[in-house]
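Residue numbers (this note's numbering): 607 to 1120. A virtual CB, placed ideally from N, CA and C, is assigned to each residue, including glycine. The structure appears below as structure tokens.
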Amino acid sequence: MIKATRNWIRRNRTNFAVGAGVLGVGYIAGQYVLGKITETRQRMSDDRIAKENLRRRFQNNQEDCTHTVLAIVGRAAEEIVTALPVEQTVAELQKQKAERLAKSARQLDQGASDTPSGSVSAAEDDGRSLASFQTESYVHASQVGDATSTPGGEEGPRLRKSKAQLWSEMKISSITRTFTLIYTLCLLTLFTRIQLNLLGRRNYLASVVLLATPQPQGTINLENNDDDNFEHAYGNDYQTNREYLSYCWWLLHRGCKDIMEKVKKAVKEVFGPLDPREDITLERLSELTLEARKKIEGVTEEERKSQRWLHYLLPPQDREEYVLREAGMLSPSAPSTVTSPSLRRLLDETSDLIDSPSFSYVQTLLLDAAFSLLIDTKMASLAFKIPPISASTARVQEIVGSDTKTKVANTLAIFTRQAHSIGSSGPNEYLTAIEGVRDLEAFSAVIFSSNFDYESPEAGAGVEGLEASRPGTAGTEKPEEPRSTSGGDASLVGAESQFESAWGKALAKEDGMS
């Protein structure tokens, strides 16, 4: 029996060997496939976690940008309000009005009842305009008292301006102040996005490299005074970040005033011929606003691209040390220092971004949103008393107030009040409208997500400007289409933003965004 079994095994040993081999190969192949599946699942999980971490960092960075703008925009508003004291002009007009009323009262007491009716009606008209101005704007008794006194406590006679001169000055100053604050807010928003996203990108890159680097075992370093660590290599040291962020001082204290001079010149050319007593429609006001924007930004697309905003945002190199001293980064008695390579790399990349076509493209969209809110919403409802369009589902709606008119003086009151809203450090409707522009977040995503693959400590590469064909905006006049009353509603109609692909890549969107 045993011999028969042994012979049978000997005769079938080849089959046994083949079967064992097949089973072994199958087991190994199964283990290999299971290992690959596990590895793929782990890699997908790691990628998902990494993308979620990147998305979370990015969103937190944008929230920091919003809080930063709200915290510092008030400084620029103070500079502009001080440079254009509309309240002083209003107080002077009210003072002259009171003097005229007192003089008229004395004449009536003396029996001078033959005052020309034209002058009486003009005085009543001025009184209504000033009353509207004081009601709608921020003119209080304390401001009137301060405004009537000579600045700096100067003594001696002061040149007295006529009523027409005061009204003209108030008209130019109120419009210039509002427009300047809009441009300053848009530039400050973009500049803050560039700064914080560049620093956020370097911080993320340094943390990733640090986590991927094996740490030596058995050695504890309580202090590292070398410059070979990853945070310093990628420009992520604390002092460099503080100095880099302090460069916003230039826009808040110098650049905004340069913008004001440019805006004031355009406002004088466009709004100068307007009489504060004349009637104006919302469409006419929108056309004048559009014309002023063209003089500031440029008429054609090429002119807008050729506009350079860098000198409003960053100082020239020979003034960089002055900015650091004024911002408190260097003491007045400290010796001159040389800009560190990491700070210079950040400043150079920032300059490249500001001069890129992407910057001017996004800036125009932000201006469209801000001016649309000012003219279409605020001016229409507050000055022209036009009710907002209902969001009902009716396909045909009656356009109410298309021919509604108001006095130019009434619009000046709204301009003055909106200037305080634009520069508000609290809830800011204009900042909300600006940040609602989709391309702003896409532009930030491009900055935050680019150069991950090839940025090195030795040479930081700048973000390559995206070539985007700019769609029709409030600064573009289209002969074949009717002019929009606001200039801001048709900015994205019929155009697909080229930032979408970069946005999708940066945030790993899975909702089909192209």
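- Judged by DSSP in its simplified three-state form, lysine 1011 adopts strand.
- Isoleucine 886 sits in a strand when the DSSP states are folded into three classes.
- Secondary structure in the segment 851-927: the alpha helix (DSSP H) runs of 4 residues or longer, each lying completely within the stretch, are 862-877, 888-903, 907-912 and 916-919 in chain order.
- Beta-carbon to beta-carbon, alanine 976 and tyrosine 928 are separated by about 31 Å, too far to satisfy the 8 Å threshold.
- Closest by C-alpha distance to arginine 766, out of Thr790, Asn809, Leu796 and Thr695, is Thr695.
- The DSSP-derived three-state label of alanine 940 is coil.
- For alanine 656, the enclosing alpha helix (DSSP H) starts and ends at 619-689.
- Excluding sequence positions up to five before and after proline 938, its CB lies within less than 7 Å of the CB of Arg931, all in the same chain and listed in chain order.
- In the structure shown, serine 957 adopts helical secondary structure according to DSSP, grouped into three states.
- Between lysine 911 and the set Glu903, Thr895 and Gln637, the nearest pair of CA atoms involves Glu903.
- From the listed residues Ser948, Ser779 and His917, the smallest Cα separation to asparagine 847 is found for Ser948.
- Following the DSSP letters along the chain, one finds glutamine 771 inside the alpha helix (DSSP H) bounded by residues 769-818.
- Isoleucine 634 and threonine 644 have their alpha carbons spaced roughly 15 Å apart.
- Between the segment 867-882 and the segment 797-814 there are fewer than three inter-stretch CB-CB distances shorter than 8 Å, so the stretches are not counted as touching.
- In the same chain as tryptophan 855, and ignoring 5 residues on each side of it, the C-beta atoms closer than 8 Å to its own belong to Val929, Glu932 and Ala933, in chain order.
- In this structure, the alpha-carbon of valine 876 lies about 6 Å from that of alanine 898.
- Between the segment 913-927 and the segment 940-959 there are three or more inter-stretch CB-CB distances shorter than 8 Å, so the stretches are counted as touching.
- The Cβ-Cβ distance between threonine 784 and isoleucine 686 does not fall below 7 Å.
- For aspartate 982, no alpha helix (DSSP H) encloses it, and the DSSP letter there is neither H nor E.
- With fewer than 16 other Cβ atoms from the protein chains shown falling within 10 Å of its own Cβ, leucine 629 counts as exposed.
- Counting C-beta pairs closer than 8 Å gives three or more between the segment 967-975 and the segment 1038-1054, which meets the contact rule.
- Between the segment 1011-1029 and the segment 980-988, the count of C-beta pairs closer than 8 Å reaches three or more; the two stretches touch.
- Asparagine 666 is classed as exposed because its beta carbon has fewer than 16 other beta carbons within 10 Å across all chains shown.
- Aspartate 843: not part of any alpha helix (DSSP H); DSSP gives it neither H nor E.
- Per the coordinates, the alpha-carbon of arginine 808 lies some 28 Å from the alpha-carbon of alanine 682.
- For isoleucine 992, no alpha helix (DSSP H) encloses it, and the DSSP letter there is neither H nor E.
- Cβ-Cβ distances below 7 Å link lysine 1011 to Asp885, Ile886 and Thr887 in the same chain, with the five nearest sequence neighbours on each side left out; the list follows chain order.
- In summary, arginine 617 is exposed, with fewer than 16 beta-carbon neighbours lying within 10 Å of its beta-carbon over all protein chains present.
- For threonine 1038, the secondary structure class from DSSP, reduced to helix, strand or coil, is helix.
- Threonine 695 carries a helical assignment under DSSP once its states are collapsed to helix, strand and coil.
- Within the same chain, Cβ atoms closer than 7 Å to the Cβ of cysteine 792 are found at Gln969, Leu972, Leu973, Ala976 and Ile1040, the five residues on either side in sequence being excluded.
- The alpha carbon of leucine 699 has as its nearest neighbour, out of Tyr967, Met776, His1026 and Arg951, the alpha carbon of Met776.
- Scanning Met935, Arg860, Pro1033 and Thr611 for the CA closest to the CA of alanine 689 turns up Arg860.
- Shown here, threonine 945 sits in coil according to DSSP, grouped into three states, outside any helix or strand.
- Under the criterion of beta carbons closer than 8 Å, isoleucine 800 and leucine 959 qualify as touching, at roughly 5 Å.
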